[in-house]
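> My questions will all concern the structure given below.
Residue numbers (the working numbering): 54 to 161.
See below:
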């Protein structure tokens, strides 16, 4: 397989897990930006989605996912099963976003 299949489930229809390679993870730590904070504060007054933070979290998720996939690729994995995301506060104004799952080899 040329690409890595990523799934939140533990099984993939049409495939059998031939070998479990182990835990893979990717993370990123992002700090808020003062400009985004000002805009978010204004949005907090009038209500609605805080697009600045939504974009920041989406970018963080993609970066963590890319890093996890790269780790799985380096192990020779065909897929990652049981994908999960976790977020934790690291410091005032900075948070970690972690993607983790199990790297596996597949058979049809």
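C-beta atoms are modelled at their ideal positions from N, C-alpha and C, and glycine is treated no differently.
Within 10 Å of its beta-carbon, does residue 62 have 16 or more other beta-carbons around it, so buried, or fewer, so exposed?
Within the chain shown, numbered from 1, the residue matching residue 62 stands at position 9. Exposed is the call here.
> Could you tell me if residue 142 is buried or exposed, where buried requires 16 or more neighbouring beta carbons within 10 angstroms of its beta carbon?
As a position in the chain shown, residue 142 is number 89, starting the count at 1. Exposed, since its Cβ has fewer than 16 Cβ neighbours within 10 Å.
> Should residue 160 go down as buried or exposed, given a rule of 16 or more other Cβ atoms within 10 Å for buried?
For the purposes of this step, residue 160 is taken as the residue at position 107 of the chain shown. Exposed is the call here.
> Is it buried or exposed for residue 131, if we count other Cβ within 10 angstroms and need 16 for buried?
Within the chain shown, the letter at position 78 stands for residue 131. Under this definition residue 131 is a buried residue.
> Leaving out five residues on either side along the sequence, give the residues of the same chain with a beta carbon under 6 Å from the beta carbon of residue 138.
Taking the first residue of the chain shown as position 1, residue 138 is located at position 85. The answer, listed in chain order, is 152.
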